[in-house]
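Visitor:
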Amino acid sequence: AQRVTQPEKLLSVFKGAPVELKCNYSYSGSPELFWYVQYSRQRLQLLLRHISRESIKGFTADLNKGETSFHLKKPFAQEEDSAMYYCALSGLSGNTPLVFGKGTRLSVIA
Amino acid sequence: SAVISQKPSRDICQRGTSLTIQCQVDSQVTMMFWYRQQPGQSLTLIATANQGSEATYESGFVIDKFPISRPNLTFSTLTVSNMSPEDSSIYLCSALLLARYEQFFGPGTRLTVL
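As you go down the protein sequences, you meet chains G and P in turn.
Under this note's numbering, the residues of the first sequence are numbered 49 to 158, in order.
Under this note's numbering, the residues of the second sequence are numbered 74 to 187, in order.
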């Protein structure tokens, strides 16, 4: 069965502190992993995907197949990073809908 | 990219009535989906809207309750039928641009059933 687990419902950090949002998954096959973000009063949007190996807004995420994890990290949190973050997966074929975790609300305190 | 609009943005409905939500995409997309986000919960896939044929529903969702249409590549509707307060939720339309391997989301329709 496909499942995405985000163990933290809420994460509060101080501005300038490192951030790590945890994501674990289960999938029978090779999945594609994503992080989506939803800022206040905005729609859900793609932050990054593992296949691109890119850094967006200072965030990175590495797929660890051994630990079935895809944690999102940023070395120095900014106030504008405060948002709801969702980890999601789909099949590698690319034509399957996303399965989402429950989300983690990140609050960056000035 | 793809820009998705939904109508209505919100509605308050009476128990037992039905509401149809419209979703319009500004470009031709390969796949369209409908999700539900109940208060404090994550996004749950309701169904995949197939062009010109019946939608593919996920476990726990049935066509009689959530009839879906997709007459062309850029438009889809979701109807929430015979509503009850448990249907109060945000309903999200989503579209997959295979060329970009990215799924885009609409702004959502916030439904409250009294």
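The beta-carbon is built from N, C-alpha and C at its ideal position, and this holds for glycine as well.
Name the chain G residues whose beta carbon is nearer than 7 Å to that of G179 (chain P)?
Guide: Against the second sequence, residue 179 (chain P) aligns to sequence position 106. Under the 7 Å cutoff, chain G gives R91.
Visitor: Relative to the alpha-carbon of R183 (chain P), which residue among P:Y174, P:G89, P:P158 and P:A168 has its alpha-carbon at the smallest distance?
Guide: To locate residue 183 (chain P), count along the second sequence from 1; it is residue 110. Of the candidates P:Y174, P:G89, P:P158 and P:A168, the one whose C-alpha sits nearest the C-alpha of R183 (chain P) is P:P158.
Visitor: How should F62 (chain G) be labelled, buried or exposed, when 16 other C-beta atoms within 10 angstroms of its C-beta is the threshold for buried?
Guide: By one-based count along the first sequence, residue 62 (chain G) stands at place 14. It counts as exposed.
Visitor: Under the assumption that N72 (chain G) contacts T116 (chain G) (Cβ atoms under 8 Å), give the Cβ distance between them as a whole number of angstroms.
Guide: Position 24 of the first sequence, counted from the start, is the residue given in the question as residue 72 (chain G). Position 68 of the first sequence, counted from the start, is the residue given in the question as residue 116 (chain G). Right, the Cβ-Cβ distance comes to about 6 Å (below 8 Å), so this counts as a contact.
Visitor: Any beta carbon from chain P within less than 8 Å of K150 (chain G)'s own beta carbon?
Guide: The sequence position of residue 150 (chain G) within the first sequence is 102, counting from 1. Closer than 8 Å to some Cβ of chain P, the Cβ of K150 (chain G) qualifies, so yes.
Visitor: Are at least three pairs of beta-carbons, each pair with one atom in the stretch 142 to 152 of chain P and one in the stretch 99 to 119 of chain P, less than 8 Å apart?
Guide: Touching, per the Cβ criterion.
Visitor: Compute the Euclidean distance between the alpha carbons of S132 (chain P) and K113 (chain G), then round it to the nearest angstrom.
Guide: Indexing the second sequence from 1 puts residue 132 (chain P) at position 59. Indexing the first sequence from 1 puts residue 113 (chain G) at position 65. Each residue's alpha carbon lies about 28 Å from the other.
Visitor: Given a cut-off of 8 Å, decide if L169 (chain P) and G181 (chain P) are closer than it, judged by their beta-carbon atoms.
Guide: Start at 1 with the first residue of the second sequence, and residue 181 (chain P) comes out as number 108. Start at 1 with the first residue of the second sequence, and residue 169 (chain P) comes out as number 96. Not a contact, by the Cβ cut-off of 8 Å.
Visitor: Can you find the residues in the same chain that come closer than 7 Å, C-beta to C-beta, to F148 (chain G), ignoring five residues on each side of it along the sequence?
Guide: Position 100 of the first sequence, counted from the start, is the residue given in the question as residue 148 (chain G). Result list for F148 (chain G): V52, Y134 and A136, in chain order.
Visitor: Tell me, please, which residues DSSP counts as bridged to Y174 (chain P).
Guide: On the second sequence, residue 174 (chain P) is found 101 positions in, with the first residue counted as 1. Y174 (chain P) is not bridged to any residue.
Visitor: Per DSSP, what kind of secondary structure is S91 (chain P) in: helix, strand or coil?
Guide: Taking the first residue of the second sequence as position 1, residue 91 (chain P) is located at position 18. Of the three classes helix, strand and coil, the one that applies to S91 (chain P) here is coil, per DSSP.
Visitor: For Y134 (chain G), decide whether its Cβ has a neighbour in chain P, counting only Cβ atoms nearer than 8 Å.
Guide: On the first sequence, residue 134 (chain G) is found 86 positions in, with the first residue counted as 1. So yes, Y134 (chain G) belongs to the interface.
Visitor: Just list the residues that DSSP pairs Y73 (chain G) with in beta bridges.
Guide: Taking the first residue of the first sequence as position 1, residue 73 (chain G) is located at position 25. G:V52.
Visitor: Taking a Cβ distance cut-off of 8 Å, strictly less, list which residues of the stretch 130 to 160 of chain P are near chain A, in chain order.
Guide: Protein chains G and P are contained in the structure displayed, whereas chain A is not.
Visitor: Locate the beta strand (DSSP E) running through T117 (chain P), then write down its first and last residues.
Guide: Counting from one through the second sequence, the residue named residue 117 (chain P) turns up at place 44. Run containing T117 (chain P): L116 to A122, per the beta strand (DSSP E) assignment.
Visitor: Under 8 Å between the Cβ atoms of I141 (chain P) and W107 (chain P)?
Guide: The sequence position of residue 141 (chain P) within the second sequence is 68, counting from 1. The sequence position of residue 107 (chain P) within the second sequence is 34, counting from 1. Cβ atoms of I141 (chain P) and W107 (chain P): closer than 8 Å.
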